[in-house]
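First to last, the protein sequences are chains A and B. Residue numbering for the first sequence follows my numbering, beginning at 14 and increasing consecutively. Residue numbering for the second sequence follows my numbering, beginning at 14 and increasing consecutively. No residue lacks a Cβ here, since even glycine has one placed at the ideal position from N, Cα and C. Structure first, commentary second.
2 protein chains.
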Amino acid sequence: MSKVDHLRNVPIFTDLSDSDLAKIADKMIPREYEKGQMILLEESQGETFFIITGGAVKVTRLSDDGREVILAILGESDFFGEMSLLDGEGRSANIVANEPARMLTLSRSDFLDCLESYPKIAIALLEELAIRLRKSDQQIESLSLSDSEQRIGITIVRLAEELGTIKQGHVTVQNLPFQQDIANMAGTSRETVSRTLKLLEDKALVKRDNRDLTIYNFDTFRQAFS
Amino acid sequence: MSKVDHLRNVPIFTDLSDSDLAKIADKMIPREYEKGQMILLEESQGETFFIITGGAVKVTRLSDDGREVILAILGESDFFGEMSLLDGEGRSANIVANEPARMLTLSRSDFLDCLESYPKIAIALLEELAIRLRKSDQQIESLSLSDSEQRIGITIVRLAEELGTIKQGHVTVQNLPFQQDIANMAGTSRETVSRTLKLLEDKALVKRDNRDLTIYNFDTFRQAFS
DNA sequence: TGAACTCTGTGACATTCGTCACAACAGGTT
DNA sequence: AACCTGTTGTGACGAATGTCACAGAGTTCA
């Protein structure tokens, strides 16, 4: 798959013509990362924009005592790095490759040039940030009001929407993240995730085997947790 | 103060010339709201962009059982309503006037025209959304990792930065929001806020009289809670 | 001045959930 | 197989904090 093909799948670039895409693609540099490799450190200045062309990364924040919060898990055609390019602040989050991952990168100045030259990109990016803000607000609500079972349920919905595949009416997440990661997304402990998953299985809402999780009735499931 | 004067104070318009500002100002319609009045309902379609020219509003989400989460308190020169204009989704939050408030409003189509015509606005808006996203991420972290005292401390920092005034080295927040509102911002209960404020006062970190709260040493205070 | 509200302070209690401890299990390597 | 490492399951316990109940202050309005 060519660079341009990858770009076409990215929401903020969909409105552009092939020739414009090609111009941008020319400026992008491919990079590869191994599983577990740090892609961006919290402290460093943000100077690069990244588009994921393969694999997955997790976006985290770390507290002083080393506990981590997972803000998002991003996969193919997602992008990141735009935040500190936009407001000039340092990074607010760490990015780690969750599995072997490939990226296309764009330098700060090329990225800002794009925004100036193609207002459509700026508007599409606004849209994307609005969506993310919305999700953040939802998560703040759920962390504030819900108990751990609810929060874990919502987290599973998020994961299913991001990573799941639909097969004869029910959604399957293959290769579910570790319980520790789910806990760090849901703002709870690993043990509570373990117990809650068992609970959900007892209630016949989900089925697990190995690293796969199947949600029997996704719509009612989502209904129940939001 | 004229419309244009108000607009000049709004971050996303600062880069514009007076004549451009005047053109935009012409399209804006002033509105007034009483204390407690609903400005936007969660369910309604978003069709308007608002700039606050006086007073203050709170941005909230409500759960089914009526508990509320306060996502932000906005004051003069802040704006809202852009989210659902951008991504076309319905409102994600309610907006209520916290005190008598005045606004300038812009219709959906005029707002989008502005973005197309003045790329600088789009870029400044991107910056603003990036800042908000950053704050949301911080709050998600704090809700996930911190205990109630920390969260209340952080909430007080937020309030002080938004509403506080500096007087001979220490910051005073006049007219502190009710404990119930602080609780809804910090994701805790009203009673815990009451006890924690007393605790902070016992530790000689803050002083209260009536509705005013003074933070003796703002820098160390902020340090301690983030 | 009272009366009616709204907000705040505080004790008692119940519950959720994080933490610790350890066992069971899986996958990979020798 | 035996071993190691990383992951998951589960019981026991205690601390943090939400909830309930009510008293005391402070405000508003007649």
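Under the three-state reduction of DSSP, B:L189 is assigned to coil, being neither helix nor strand.
When beta bridges are read from the DSSP output, B:S120 appears opposite B:T61. B:M96 counts as buried, since no fewer than 16 other beta carbons sit within 10 angstroms of its beta carbon. With contacts defined as CB atoms closer than 8 Å, A:G200 and A:V186 fail to qualify as a contacting pair. Residue ranges of uninterrupted alpha helix (DSSP H) with 4 or more members, entirely inside the segment 96-157 of chain B and ordered along the chain, are 121-130. Using a Cβ-Cβ cut-off of 8 Å, A:A237 does not count as an interface residue toward chain B, since no Cβ of chain B sits closer than that to its own.
Contact holds between the segment 145-154 of chain A and the segment 135-154 of chain B, because three or more Cβ pairs, one in each stretch, are under 8 Å apart. Interface with chain B (8 Å Cβ-Cβ cutoff): A:D28 is excluded. Under the Cβ criterion of 8 Å, A:I65 is not counted among the residues facing chain B. A:L99 places its beta carbon 8 Å or farther from that of B:A135. Distance from the Cα of B:I165 is smallest, within the candidate group B:E141, B:D194, B:N188, B:G182, for B:D194.
The bridge partners DSSP lists for B:H183 are B:K180. Taking a 10 Å sphere around the C-beta of B:E154, we find 16 or more other C-beta atoms and assign the residue as buried. Relative to the Cα of B:R221, the nearest Cα in the group B:N188, B:T205, B:F231, B:R203 belongs to B:N188.
Residues of chain B with a Cβ closer than 7 Å to the Cβ of A:D100 are, in chain order, E140, A143, I144.
Annotated three-state conformation of A:K48 is coil, per DSSP.
Between A:A110 and A:G68, the gap from beta carbon to beta carbon is short of 8 Å. In terms of Cβ geometry, A:E162 and A:L117 do not form a close pair [threshold 8 Å]. For B:K71, the three-state secondary structure derived from DSSP is strand. Distance from the Cα of B:L156 is smallest, within the candidate group A:E81, A:Q236, A:E89, A:F238, for A:E81. The beta carbon of A:L172 lies closer than 6 Å to those of V186 in the same chain, with the five residues before and after it left out. For B:A237, the enclosing alpha helix (DSSP H) stretches over residues 231-237. B:E89 sits in coil when the DSSP states are folded into three classes, being neither helix nor strand. For A:R164, the three-state secondary structure derived from DSSP is helix. A:A106 has a beta carbon lying within less than 8 Å of a beta carbon in chain B.
For A:R224, no alpha helix (DSSP H) encloses it, and the DSSP letter there is neither H nor E. Residue state for B:L213 is assigned as helix, using DSSP reduced to three classes.
Contacts with chain B at 8 Å (Cβ-Cβ) do not include A:L210. In the DSSP assignment, B:P43 forms a beta bridge with B:L117. At least one beta carbon of chain B lies nearer than 8 Å to the beta carbon of A:L158. Not one beta carbon of chain A lies nearer than 8 Å to the beta carbon of B:I165. In the three-state reduction of the DSSP assignment, B:L20 falls in the helix class. Counting only residues of its own chain and dropping the five nearest sequence neighbours on each side, A:M51 has a CB closer than 6 Å to the CB of V109. B:A196 places its beta carbon 8 Å or farther from that of B:V184.
Neighbourhood of A:L128 in chain B, by CB distance below 9 Å: P132, A135, I136, L139, in chain order.
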